[in-house]
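K.L.:
Chains Y and R, in that order, give the protein sequences.
If you read the first sequence in this note's numbering, its first letter stands for residue 1, the second for the next number, and so on.
If you read the second sequence in this note's numbering, its first letter stands for residue 1001, the second for the next number, and so on.
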Amino acid sequence: MRCDTKVRCERNPSGCAISGILNKKGKRIDGTKIIKSIALMHDRSNGLGGGFAAYGIYPKYRDYYAFHVMFDDEDCQARLEEHLAQRFVIEKDEKIPTVKVDSIHNAPLIRRYFVRVDDSKLENKPEDDYVVEQVMDINSNFAGAFISSSGKNMGGFKGVGYPEDIAKYFKLDQYKAYLWTAHGRFPTNTPGWWGGAHPIALLDWSVVHNGEISSYGINKRYLEMFGYKLELLTDTEVIAYLFDLLVRKHKLPITVATKALAPPFWKDIDRMEPSQRRAHEAIRMVYGSALMNGPFSIIVGCNRGMIGLNDRIKLRPMMAATKDDTLYMSSEEAGIRIIEPEPDQIWAPKAGTPVIGLVEEDVE
Amino acid sequence: MVHIDAKEMPYRALNEKIRALAAEGEYSVELDNVCGQKYIGGGLKGKMKIDVRGIPGNDLGIFMDGAEVVVHGNGQDGIGNTMNSGKVVVHGNAGDVIGYAMRGGKVFIKGDVGYRVGIHMKAYGDMVPTIVIGGTASDFLGEYMAGGVMVLLGLTQNSHPQPTGDYVGTGMHGGVIYVRGDIDDYYLGREVIKSEPDAKDIAIISRLVGEYCVTFGCDFDEIMRKPFIKLAPRSHRPYGNLYTS
Chain Y
1 MRCDTKVRCE RNPSGCAISG ILNKKGKRID GTKIIKSIAL MHDRSNGLGG GFAAYGIYPK
61 YRDYYAFHVM FDDEDCQARL EEHLAQRFVI EKDEKIPTVK VDSIHNAPLI RRYFVRVDDS
121 KLENKPEDDY VVEQVMDINS NFAGAFISSS GKNMGGFKGV GYPEDIAKYF KLDQYKAYLW
181 TAHGRFPTNT PGWWGGAHPI ALLDWSVVHN GEISSYGINK RYLEMFGYKL ELLTDTEVIA
241 YLFDLLVRKH KLPITVATKA LAPPFWKDID RMEPSQRRAH EAIRMVYGSA LMNGPFSIIV
301 GCNRGMIGLN DRIKLRPMMA ATKDDTLYMS SEEAGIRIIE PEPDQIWAPK AGTPVIGLVE
361 EDVE
Chain R
1001 MVHIDAKEMP YRALNEKIRA LAAEGEYSVE LDNVCGQKYI GGGLKGKMKI DVRGIPGNDL
1061 GIFMDGAEVV VHGNGQDGIG NTMNSGKVVV HGNAGDVIGY AMRGGKVFIK GDVGYRVGIH
1121 MKAYGDMVPT IVIGGTASDF LGEYMAGGVM VLLGLTQNSH PQPTGDYVGT GMHGGVIYVR
1181 GDIDDYYLGR EVIKSEPDAK DIAIISRLVG EYCVTFGCDF DEIMRKPFIK LAPRSHRPYG
1241 NLYTS
């Protein structure tokens, strides 16, 4: 940014903020708390990105993939709708309700489509794989349209702006979810655009991320071997696709997947007792290209729950807390205390050690 | 004494108010309902005392020059960042990078601290920054430390084999770290040497543990019963030949 004499030029002390709330019993709450938490950390972001992921918001359409789609204009919308209709059965589509907010500019058209896949399209392919292929194809090849989330009974709401303004824009106080995550963005070396705001989502995976993945190139080439397309202009996309690959496709337990993404150092593996050592050696050898280097703290959401993870040497902050059936995670303790002043437990998770919260029973 | 209700007050407004009070000669301020406001006590000169109730935001006491800040609860990251003089007391735990590039003054933390505490603190002449931690520390304690004194008591160590994480004193080239208990050599950076404190060291430890006990109300003799180790740099220029040989 250019500094001139008309505008006072100030340092922008930013660094991204993330926050997450999970009710393990599946009890749904509106967006008020998550908005309050992320808004408290307003100064960590710079207005170039804010967003939320919400799980359990579409119980009426819980068996349909909920596509949240951004369009440049109505022409793009018409073309994509024709494209979608050939590939999916669209049960319902509607504009995502928004309200005018002064600080939110250049918003795309945003609609949601509740879709299912007709068996005839699958040719023995798992349904989720078909959806991934279609979403990847559209996001890579369809100018002027972008699917920002594609899971069942969940949705991503994001854009260019401060998170609390994005929340107002999407009226998130009117949705009820058992799991909320949020992000305030300070784009480091990638552009601030509507699709690049967090959460970055695929199927029901969503990722909010503070930091940068300096192993992006290695992770990207690895993921491309499995058909993922990485064209969102943000390093964070590798995290979402790595979880999809390791947990959904390769069926690794979440704890094992996180050990692939943020593994112990070799010197520490060498000192483990033999069975642990062999397991960690195997993970590092098989999933060496999935190792995420660079500073990160992330909260990953999925229908089953929420995963918090830091890089191996804790170069980004993360706090976690519990209160009764609720698990909180946040970049700052204050981000938790503002909505839960007296947690049962509050702690700083160690580097490379995941905090995993899963819903205990079927969500209504 | 002036009370400020900091509820929902933006950090700039809060800090401007504190600075204005300091300029008027006010010597004691109590902040209630603090939640996440950054830079409290930042750049403050003079002898003002600030009591913080709630959770202060990052970089508490940054560039502070003489004031005293007491946090009645947990602190966050970056406490005492580049602090020049004065004192910070935290009656709870604190986060990462406490005392980052600290140049003088004291930081007392009652409980545990996070990663990279004391990173690149430095000293010159009479300016000897000091950090005393009652609990345990995570990895990279004293990373690139160039001067000053750190004391780690490990009072919350419980069943953990040692009071620190890994990579203690990595890149350290000045100053000293005293640790109550022991650290396996495996967890020490290659730039530090572990030794037994001598009488001069014990005098420094006793003074600082005494101040810790007065501040937080605990038993001096009990704490001093367990022996300390001393960590000091092998060299003042550990990387002097890094690119030359």
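Even glycine gets a Cβ: it sits at the ideal position worked out from N, Cα and C.
Quick one: Cα of Arg237 of chain Y to Cα of Ala201 of chain Y, how far?
P.N.:
Arg is not the amino acid found at residue 237 of chain Y; the sequence shown has Glu there. If you take the alpha carbons of Glu237 of chain Y and Ala201 of chain Y, they lie about 8 Å apart.
K.L.:
By how many angstroms is the C-alpha of Asp1166 of chain R removed from the C-alpha of Gly1054 of chain R?
P.N.:
Roughly 31 Å between the two C-alpha positions.
K.L.:
By the three-class DSSP mapping on this structure, what secondary structure does Arg116 of chain Y have?
P.N.:
In the structure shown, Arg116 of chain Y sits in a strand (DSSP, three-state: E or B).
K.L.:
Can you have a look at Ser1206 of chain R and say buried or exposed, based on whether 16 or more other CB atoms are within 10 angstroms of its CB?
P.N.:
Exposed, because fewer than 16 other Cβ atoms sit within 10 Å of the Cβ of Ser1206 of chain R.
K.L.:
What is the rounded straight-line gap between the Cα of Trp266 of chain Y and the Cα of Asn293 of chain Y?
P.N.:
So the two alpha carbons sit approximately 15 Å from each other.
K.L.:
Excluding sequence positions up to five away, which residues of its chain have a Cβ less than 6 Å from the Cβ of His1003 of chain R?
P.N.:
Answer for His1003 of chain R: Glu1030, listed in chain order.
K.L.:
Would you mind stating whether Gly144 of chain Y and Pro263 of chain Y have Cβ atoms separated by less than 9 Å?
P.N.:
No.
K.L.:
Bridge partners for Leu202 of chain Y per DSSP, in chain order?
P.N.:
Paired residue(s): Y:Trp205.
K.L.:
Are the CB atoms of Gly1118 of chain R and Gly1095 of chain R within a distance shorter than 9 Å?
P.N.:
No, these two residues do not count as a Cβ contact at 9 Å.
K.L.:
Are the C-beta of Gly1118 of chain R and some C-beta of chain Y separated by less than 9 Å?
P.N.:
Chain Y, which has no Cβ nearer than 9 Å to the Cβ of Gly1118 of chain R, makes this no.
K.L.:
Check each candidate in Y:Ile254, Y:Arg248, Y:His209, Y:Met225 and name the one with the smallest Cα separation from Thr234 of chain Y.
P.N.:
When only C-alpha atoms are compared, the closest one is Y:His209.
K.L.:
Does the distance from the CB of Arg185 of chain Y to the CB of Ala177 of chain Y come in under 9 Å?
P.N.:
Not in contact: Arg185 of chain Y and Ala177 of chain Y (Cβ atoms no closer than 9 Å).
K.L.:
According to DSSP, what are the bridge partners of Gln345 of chain Y?
P.N.:
DSSP output for Gln345 of chain Y lists Y:Thr322 as bridge partner(s).
K.L.:
In or out: Arg1116 of chain R buried (at least 16 other Cβ within 10 Å) or exposed?
P.N.:
Buried: at least 16 other Cβ atoms inside 10 Å.
K.L.:
Which residue comes first and which comes last in the beta strand (DSSP E) that contains Ser19 of chain Y?
P.N.:
It spans 17-23 - the beta strand (DSSP E) in which Ser19 of chain Y sits, taken as one unbroken run.
K.L.:
By the criterion of Cβ-Cβ separation under 7 Å, what are the contact partners of Asn1074 of chain R in chain Y?
P.N.:
Those are Glu333, listed as they occur along chain Y.
K.L.:
For Asp72 of chain Y, which residues in the same chain have their Cβ closer than 7 Å to its Cβ, ignoring the five residues on either side in sequence?
P.N.:
Answer for Asp72 of chain Y: Pro108, Gly144, listed in chain order.
K.L.:
Got a sec: is the Cβ-Cβ distance from Met41 of chain Y to anything in chain R below 9 Å?
P.N.:
So, interface residue.
K.L.:
Measuring only the C-alpha atoms, how far is Leu40 of chain Y from Ile339 of chain Y?
P.N.:
For Leu40 of chain Y and Ile339 of chain Y, the distance between alpha carbons rounds to 10 Å.
K.L.:
What does DSSP give as the partner residues of Cys1035 of chain R in its beta bridges?
P.N.:
In DSSP, Cys1035 of chain R forms a bridge with R:Ile1055.
K.L.:
Return the chain-ordered list of same chain residues with a C-beta closer than 7 Å to the C-beta of Ile218 of chain Y, the five sequence neighbours on each side being excluded.
P.N.:
Hits under 7 Å: Ser289.
K.L.:
Under 7 Å Cβ-Cβ, which residues of chain R neighbour Arg337 of chain Y?
P.N.:
Per Cβ cutoff of 7 Å: Cys1035, Ile1055.
K.L.:
To be precise: take each residue of the stretch 303-318 of chain Y, compare its Cβ to all Cβ atoms of chain R, and keep it if any distance is under 7 Å. Which residues remain?
P.N.:
Here the close residues are Ile313, Lys314, Pro317.
K.L.:
List the residues of chain R that Ala348 of chain Y touches, going by C-beta distances under 7 Å, in chain order.
P.N.:
Result: Gly1095, Gly1114.
K.L.:
Does the stretch 140-158 of chain Y come close enough to the stretch 53-64 of chain Y that 3 or more CB-CB pairs lie under 8 Å?
P.N.:
Because the criterion of three Cβ pairs below 8 Å is met, the stretch 53-64 of chain Y and the stretch 140-158 of chain Y touch.
K.L.:
Whose C-beta lies closer than 8 Å to the C-beta of Phe1063 of chain R among residues of the same chain, with five residues either side of it excluded?
P.N.:
Gly1042, Gly1043, Asn1081, Thr1082, Met1083, Asn1084, listed in sequence order.
K.L.:
Does the distance from the CB of Asn1033 of chain R to the CB of Asp1051 of chain R come in under 9 Å?
P.N.:
No; because the gap between Cβ atoms is not below 9 Å, this pair is not in contact.
K.L.:
Applying a beta-carbon distance threshold of less than 8 Å, which residues of chain R neighbour Ala320 of chain Y?
P.N.:
Per Cβ cutoff of 8 Å: no residues; Ala320 of chain Y is ~13 Å from chain R at best.
K.L.:
What would DSSP say about Ile336 of chain Y, mapped onto helix, strand or coil?
P.N.:
Three-state DSSP puts Ile336 of chain Y in a helix.
K.L.:
Are the Cβ atoms of Pro1161 of chain R and Asp1184 of chain R separated by less than 9 Å?
P.N.:
Going by C-beta atoms, Pro1161 of chain R is nearer than 9 Å to Asp1184 of chain R.
K.L.:
Residues of chain C with a CB under 8 Å from the CB of Ala351 of chain Y: which are they?
P.N.:
Given the protein chain composition of this structure (Y and R), no chain C is represented.
K.L.:
Between which two residues does the alpha helix (DSSP H) harbouring Ile34 of chain Y extend?
P.N.:
Residues 32-40.
K.L.:
So, at 8 Å on beta carbons, what are the nonlocal neighbours of Ile350 of chain Y in its own chain, with the 5 sequence-adjacent residues on each side left out?
P.N.:
Strictly speaking, residue 350 of chain Y in this sequence is Lys, with Ile absent from that position. The residues are Asn310, Lys314.
K.L.:
Is it right to say Asn141 of chain Y is buried, meaning 16 or more other beta carbons lie within 10 angstroms of its own, or is it exposed?
P.N.:
Asn141 of chain Y should be labelled exposed.
K.L.:
Any Cβ of chain Y within less than 9 Å of the Cβ of Ala1013 of chain R?
P.N.:
Cβ-Cβ to chain Y under 9 Å: no for Ala1013 of chain R.
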